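Read in this note's numbering, the sequence shown has 160 at position 153, and its numbers run on one by one without any break. Here a beta-carbon is modelled for each residue, glycine too, at the ideal position from N, C-alpha and C. Every value quoted in this text rests on a predicted model; they were computed, and no experiment measured them. Everything below concerns the one structure shown next.
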Amino acid sequence: HYIVQDWKGNICEISDQFDLSYLRSARDFVTRRWIECPVENRNDWEQMKQRYLIDTPGRFADDFTNHCKEAENRDTPLVVHFNGPFWQMREWCGFEGLCVMMIDRPDLVAEMAAFWRRFVAGMLERIFHHVVPDAIHISEDMAYKAKAMISPDMTREFCKPCWDKWTHQAKDAGAPIVALDSDGYIGELIPIWIDSGINACDPIEVAAHCDINEFREQFGRKMAYRGGVDKRCIAKGGRVIRNELKRIEPVLRDGGYIPGCDHGVPFDVSWPNFVDYTRCLAQMTGWL
């Protein structure tokens, strides 16, 4: 096991139970155990804020405007990707610490969320001044296998104001797609996302009881999707993956859906099965 500290001050223990053949390396993030996080009280928060001054030299690369000009003639989608309030506050406080703080210090959590809302809004304003992306993509990862990590009321109180602000900014600038990613079961979160102007989400994990057909029936075309193909079926291959692709076909035909593995492709998916899956998917979507 290894004890490491990142640039924000998070201290965590990382397991070495996997050898170097497992995804990336033996020091993989998949088995982290957080020991200490940088924001545990108001004094910590006051120090953390100093790391997020928008006009700090170097915040944008020297050739940022040149890249923006080049992007005006792009032939591929341009997406601005950043952390949402739940994800970012979890980075600062740790998951357990943040959840406890939402009960014990909701005023501090609201302050942190408002700060992140303003910081991201300021960054987006500077970006949109130079280039309009095709989409913005917000990372949250705020659900377990069967439920959201915080209640709908807490989601509306602490997260929704951020989403509201950023979606209005994006759409006012001309970016039509506002997407959000969250693992786990997202059925109780989708209505809040729709109300905030978010119109796409991923990865629609089947093992977490996410049913893309059910979501389409329940929410109509107010929400688009990416992912939704059960990774376990890809691993099994053959008739199993063909039946899985047949399951998602109604939403694919209805539109507003880019099918794909419902998160990272795991190690138990063999190369032949992956090739077969992609071939079947390409045929199904008209690429072959």
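**OP:** Can you grab the Cα-Cα spacing for the pair Glu47 / Val258, in whole Å?
**Re:** As a position in the sequence shown, residue 47 is number 40, starting the count at 1. As a position in the sequence shown, residue 258 is number 251, starting the count at 1. Rounded to the nearest angstrom, the two C-alpha atoms are 44 Å apart.
Subject >> Leu196 burial status per 10 Å Cβ neighbour count (16 or more: buried) >> reply: Numbered from its first residue, the sequence shown carries residue 196 at position 189. Buried is the call here.
**OP:** Kindly list the residues whose CB is nearer than 7 Å to the CB of Gln95, restricted to its own chain and excluding five residues on each side of it in sequence; keep chain order.
**Re:** Here residue 95 refers to the residue found at position 88 of the sequence shown. Once the five neighbours on either side are set aside, the close Cβ partners of Gln95 are Trp123.
**OP:** Can you check the region 75 to 132 for any beta strand (DSSP E) of at least 3 residues that lies completely inside it and give the ranges in chain order?
**Re:** 86 to 90
Subject >> Residue nearest to His136 in terms of C-alpha spacing, selected from Phe126, Ser203, Gly181, Met161 >> reply: The sequence position of residue 136 within the sequence shown is 129, counting from 1. Nearest of Phe126, Ser203, Gly181, Met161 to His136, Cα basis: Gly181.
Subject >> For Tyr232: DSSP bridge partner residues >> reply: Sequence index remark: in the sequence shown, residue 232 carries index 225 (1-based). DSSP output for Tyr232 lists Cys208, Tyr264 as bridge partner(s).
Subject >> Ala153 - DSSP class collapsed to helix/strand/coil >> reply: Here the question's residue 153 lines up with position 146 in the sequence shown. Coil.
Original post:
Between the region 141 to 154 and the region 85 to 104, do three or more beta carbon pairs fall short of 8 Å?
Top reply: yes
Original post:
In or out: Glu251 buried (at least 16 other Cβ within 10 Å) or exposed?
Top reply: For the purposes of this step, residue 251 is taken as residue 244 along the sequence shown, with counting starting at 1. It counts as buried.
Original post:
Asp283 by DSSP, collapsed to three states: which one?
Top reply: Locating residue 283 in the sequence shown gives position 276, counting from the first residue. Here Asp283 sits in helix by DSSP.
Subject >> Distance, Cys100 Cα to Pro337 Cα >> reply: The displayed coordinates of the chain run from 8 to 295. Any statement about residue 337 would go beyond what the structure contains.
**OP:** Would you mind sorting Asp82 into buried or exposed? The rule is 16 or more other CB atoms within 10 Å of its CB.
**Re:** By 1-based counting over the sequence shown, the position of residue 82 is 75. Exposed is the call here.
Original post:
How many whole angstroms separate the CB atoms of Asn206 and Lys229, which I take to be in contact at a CB cut-off of 8 Å?
Top reply: On the sequence shown, position 199 is the one that residue 206 refers to. On the sequence shown, position 222 is the one that residue 229 refers to. Contact flag correct, Cβ pair sits at about 7 Å.
Subject >> C-beta atoms of Ile199 and Thr162 nearer than 8 Å >> reply: By one-based count along the sequence shown, residue 199 stands at place 192. By one-based count along the sequence shown, residue 162 stands at place 155. It is a contact, given that the beta carbons lie within the stated cut-off.
**OP:** May I ask you to report which of helix, strand or coil DSSP gives Ile255?
**Re:** Within the sequence shown, numbered from 1, the residue matching residue 255 stands at position 248. The answer is helix: DSSP assigns Ile255 an H, G or I state.
Original post:
With a Cβ-Cβ cutoff of 8 Å, do Ile140 and Leu187 count as a contact?
Top reply: Residue numbering aside, residue 140 sits at position 133 when the sequence shown is read from its first letter. Residue numbering aside, residue 187 sits at position 180 when the sequence shown is read from its first letter. A small fix is needed here, since residue 140 is Pro in this sequence, not Ile. Against a cut-off of 8 Å, the Cβ pair of Leu187 and Pro140 comes out as no contact.
Original post:
Does the pairing of the region 148 to 159 with the region 115 to 130 give three or more beta-carbon distances under 8 Å?
Top reply: no
Original post:
If you run the structure through DSSP and keep just helix, strand and coil, what is Val185?
Top reply: Sequence index remark: in the sequence shown, residue 185 carries index 178 (1-based). Strand, per DSSP.
Original post:
Around the Cβ of Pro113, are there at least 16 other Cβ atoms within 10 angstroms (buried) or fewer (exposed)?
Top reply: Start at 1 with the first residue of the sequence shown, and residue 113 comes out as number 106. Its Cβ having fewer than 16 others within 10 Å, Pro113 is exposed.
Original post:
Which same chain residues, not among the five before or five after Phe71, have their C-beta less than 8 Å away from its C-beta?
Top reply: Numbered from its first residue, the sequence shown carries residue 71 at position 64. Cβ within range, chain order: His137.
Original post:
Which first and last residues belong to the beta strand (DSSP E) in which His144 is found?
Top reply: If you number the sequence shown from 1, residue 144 lands on position 137. Run containing His144: 142 to 146, per the beta strand (DSSP E) assignment.
Original post:
How should Ile248 be labelled, buried or exposed, when 16 other C-beta atoms within 10 angstroms of its C-beta is the threshold for buried?
Top reply: One-based indexing of the sequence shown puts residue 248 at position 241. Answer is buried; the Cβ neighbour count reaches 16.
Original post:
Between which two residues does the alpha helix (DSSP H) harbouring Asp202 extend?
Top reply: Here residue 202 corresponds to residue number 195 of the sequence shown, with the count starting at 1. Here the alpha helix (DSSP H) through Asp202 covers 197 to 202.
Subject >> Beta-carbon proximity list for Ser277, same chain, < 8 Å, skipping 5 on both sides >> reply: Locating residue 277 in the sequence shown gives position 270, where the first residue counts as 1. Result list for Ser277: Ala242, Gly244, in chain order.
Subject >> Chain-order list of residues whose beta-carbon lies under 7 Å from that of Glu212 (same chain, five-residue window excluded) >> reply: By 1-based counting over the sequence shown, the position of residue 212 is 205. Around Glu212: Asp190, Gly191, Asp269, His270.
Original post:
How is Glu47 classed by DSSP in three states: helix, strand or coil?
Top reply: Within the sequence shown, numbered from 1, the residue matching residue 47 stands at position 40. DSSP places Glu47 in coil when its eight states are reduced to three.
Original post:
Sorted by chain position, which residues of the same chain lie with C-beta nearer than 7 Å to Ile61's C-beta, five sequence neighbours on each side aside?
Top reply: Taking the sequence shown and counting its residues from 1, one reaches residue 61 at position 54. Closer than 7 Å at Cβ, skipping near neighbours: Phe126, Gly129, Met130.
Original post:
Over what stretch of residues does the alpha helix (DSSP H) that includes Pro168 continue unbroken?
Top reply: Sequence index remark: in the sequence shown, residue 168 carries index 161 (1-based). Per DSSP, Pro168 belongs to the alpha helix (DSSP H) from 167 to 180.
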